[in-house]
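Here the first sequence stands for residues 5 to 461, where the numbers follow our numbering. The structure appears right after this line, and notes come after that.
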Amino acid sequence: MIRTRFAPSPTGYLHIGGARTALYCWLYARKMQGKFILRIEDTDRERSTAESVQAILDGLVWLGLDYDEGPYYQTQHMDRYREVIHLLLEQGKAYRCYCTKERLEKLREAQLARKEKPRYDALCRNLTTTQEDSFVIRFKNPTDGIVEFNDLIRGKLSFANTELDDLIIARSDGMPTYNFTVVVDDWDMKITHVIRGDDHINNTPRQINILRALGATLPHYAHVPMILGSDGKRLSKRHGAVSVLQYREEGFLPAALINYLVRLGWSHGNQEIFSIEELIHYFDVTDINRAPAAFNQEKLMWLNQHYIKTGDPAVVMKEFAWQLEKLGIYTANGPPLNEVTHAQCERVKTLREMAERSRYFYEEVIVTDDMRTHFTAELMGALVMLRDRLAHLAIWTKEMIHETLMEVAKIHDFKMGKLAQPVRIALTGGSVSPPIDVTIYLIGRKRVIERLNHILT
RNA sequence: GCUCCCUUCGUCUAGUGGCCUAGGACAUCGCCCUCUCACGGCGGUAACGCGGAUUCGAAUUCCGCAGGGAGCGCCA
C-alpha cells in the first residue's frame with residue numbers, strides 16, 4: 005500500500021509551491037490506490053497559528069485535494085517523540101549537549117572565518133558525566149561513510165557523513181526539532197513515498213541516518229524542484245498572488261489552477277489539458293522534471309478561460325456568483341447566471357473579470373456626455389424605430405431581436421456596425437459587450453426600452 | 001566559503017544516439033472571420049549555456065567551465 009503525505013508548517017497560507025507538492029502527493033496516492041495523509045508540522049510554537057491551519061485546510065478543500073488520514077498535528081505527538089528520544093539516549097545513539105548558544109555562535113564564526121562549513125564540533129559527544137546545566141539532545145551522526153539514496157526524480161544522490169554534524173533533535177525546552185519529528189512521523193505513519201520540495205534534499209541524509217538508527221525501513225524520496233517567479237527568482241509576494249485562495253479571489257477556477265500546476269514540472273507528451281481522471285491515470289512521480297519552473301500567469305489565464313468555457317457549469321456558476329456578490333451586484337432581477345456566463349465566457353480570462361463586465365445586466369448604466377456624441381442626428385430615426393419595434397416584438401428571442409436589428413439597419417441603409425455600436429453604448433454604457441442581439445436579449449425588454457428612451461430624450 | 005542540485009524558443013515543455021533542417025502549448029507578430037471585445041482559423045519570429053571527449057553519427061553519454069538555485073538554525 006502506497007502512502008504519501010503532505011506536511012506543511014502552519015506559518016502562512018497555502019502557497020502555490022506547497023499546493024503543487026500536495027497535488028503531486030495526492031495524484032500519486034490516487035493513482036496507486038494508496039492513502040494521502042495530511043500532517044500539520046506545528047512544532048514551531050512561535051510561528052504556527054490556527055489561522056494558518058485553517059487557510060491551508062480551506063485551500064486544499066477548494067482545490068479538491070481530499071486526504072484519507074489526518075490532519076495530524078505534531079504537537080499532539082509529543083509523548084511519542086520523547087519516547088523515541090529516550091530510546092536513542094539509552095542506546096547511546098544520542099547525547100546531551102551542554103554547549104551554550106554563545107559557544108556555538110563563536111564556533112560558527114571561527115569556522116566561517118576559516119572558510120569551513122559551519123557545524124557542531126561534537127564537543128559533548130563523548131561526555132560521560134551528567135550536568136545540571138540546561139542541555140539539548142543531539143543525534144550521533146555516523147562520522148564516516150556515505151549516505152546514498154535513489155531519488156525518484158533525480159536519480160542517485162550521495163552525501164559524505166563527514167559533511168554532516170550531530171544535529172539537535174530536542175531543544176533545551178524539550179521540544180523536538182523538525183528533522184527528528186519528520187522521521188518519527190513518517191516512520192509511525194508508514195509513509196512509503198516522501199514527495200517534497202527540493203529544499204529538503206540536504207536534510208535527507210540526516211533523516212536517513214536517524215531512520216537507520218531507529219531500525220526503520222526507508223521510504224522512497226522524490227524531491228520536486230521549486231517554482232520560480234516570472235523573473236526567475238524564487239516565488240514571493242512581490243510576484244503577485246502566491247496564496248492559493250488569492251487565486252480564487254482573483255477569479256480562477258480550481259480546475260485551471262490544478263491543470264496549470266501539474267504541467268509546471270510534469271508533462272505527458274504534448275497534452276496540455278487534463279481532466280482529474282486523466283491526471284490520475286497518466287501521472288507518475290518519476291516523470292517530474294528536475295529543473296525549477298517559472299510561474300507564468302498568462303498561461304494560467306489561458307487555462308482559466310478554457311475551463312470557464314468548458315468546465316463543470318456548477319462550479320463555474322458558483323464561483324461567478326461569488327464574484328458578483330463580492331462586487332455587491334444583486335442578480336435577482338436580471339438574466340439567469342448561466343445565460344450570462346454563456347454570453348461572456350469567450351471574452352474573459354477570469355470570473356472576476358466576468359463579474360466586473362456584467363454589471364449592466366443587473367444595474368442601471370450611466371451614459372456620459374462624452375459617449376453621447378455617438379448618438380448623431382442621422383441615427384435618431386433608426387433608434388426610435390428600433391425602440392418601437394422591440395417594444396412590440398411578439399416574442400423576445402435572440403433570433404427575433406437579430407432580425408429586427410437587421411431590418412432597421414437595412415431600412416436606414418446602415419451597416420450593422422453603424423447601428424449596433426451606438427445601441428451597445430446606450431445599453432451598456434460602454435463599447436464592449438457580447439453580440440448586440442444577445443446583449444439586448446439578456447438585458448431584457450423593459451430595461452432596453454428604458455435605456456433607449458433615456459438616449460432619445 | 002563548504003556540500004548538494006539544476007541548465008532545450010521570452011515561459012511551460014516534447015525529446016532517452018540516427019525519425020531533429022529540434023515538435024507542441026502560452027505569450028508575441030501578420031492575415032482571415034467580424035456589430036464591439038473576444039472566440040476560432042491560417043501563417044510567422046523564436047531554443048539545445050560554453051568548451052572538450054566518446055562515436056560513422058550527440059539536444060540525447062562522459063569530463064571540465066560558466067551561470068542559476070538550495071542547504072549549512074535550540075525554523076520547518
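All C-beta atoms in this analysis are idealised placements derived from N, C-alpha and C, irrespective of residue type, glycine included.
Specify the secondary structure class of residue i as computed by DSSP and reduced to three states.
i    : result
D316 : coil
L423 : helix
F278 : coil
H285 : helix
A23  : helix
T345 : helix
R451 : helix
V57  : helix
W270 : coil
E368 : coil
I292 : coil
L215 : helix
N130 : coil
W306 : helix
Q115 : helix
W191 : helix
G338 : coil
Rounded to whole angstroms, how far is the Cβ of residue i from the Cβ of residue j, which I believe are closer than 8 Å?
i    : j    : result
A325 : L341 : 6 Å
A174 : I89  : 5 Å
L67  : V248 : 6 Å
H197 : Y32  : 6 Å
P223 : D190 : 6 Å
L116 : N145 : Not confirmed; about 21 Å, so no contact.
L156 : A226 : 4 Å
L460 : I440 : Wrong, their Cβ atoms sit about 17 Å apart, outside the cutoff.
Output the distance between the C-alpha atoms of residue i and residue j, rounded to the nearest integer angstrom.
i    : j    : result
A217 : V188 : 11 Å
H285 : K35  : 6 Å
V344 : N207 : 52 Å
L456 : A395 : 11 Å
T354 : T79  : 40 Å
R142 : H272 : 45 Å
G236 : L268 : 14 Å
G149 : A220 : 19 Å
R107 : E113 : 10 Å
P426 : E357 : 23 Å
F40  : T25  : 12 Å
D202 : R118 : 29 Å
H204 : Y182 : 11 Å
V289 : L69  : 17 Å
P438 : H81  : 58 Å
M436 : R428 : Contrary to the premise, residue 436 reads as Val rather than Met in this sequence. Approximately 8 Å between the Cα atoms of the pair.
Q58  : E50  : 17 Å
D374 : T432 : 14 Å
R294 : G159 : 10 Å
F10  : L42  : 5 Å
For the candidate residues the options, whose alpha-carbon lies nearest to that of residue i?
i    : options                   : result
I20  : K322, M5, R43 and I60     : I60
Y102 : A381, G22, D177 and I429  : D177
I405 : R391, I415 and H416       : R391
E281 : R200, F299, A297 and A259 : A259
T185 : V412, Y85, H458 and F299  : Y85
I333 : A318, R363 and H346       : R363
L64  : D48, E94, A23 and L307    : A23
F287 : F299, N263 and L397       : N263
Q275 : G255, V289, L257 and L307 : L307
R376 : E329, N213 and H458       : H458
G74  : E368, E109, D137 and T8   : T8
D137 : A381, T104 and H416       : T104
G38  : Q309, I195 and T372       : I195
E367 : Y225, L446 and E120       : L446
T134 : L161, V369 and R100       : R100
T15  : A318, L27 and E45         : E45
P296 : D83, S234, N213 and P180  : S234
I370 : H378, G385 and A430       : A430
A318 : H346, R294 and T380       : H346
Let me check one thing: in DSSP terms, what residues is residue i bridge-paired to?
i    : result
I44  : Y77
P180 : A174
H224 : H197
R9   : I41
V151 : F163
Y99  : R142
R391 : Its beta-bridge partners do not exist; DSSP assigns none.
R238 : L232
A298 : L232
S247 : H19
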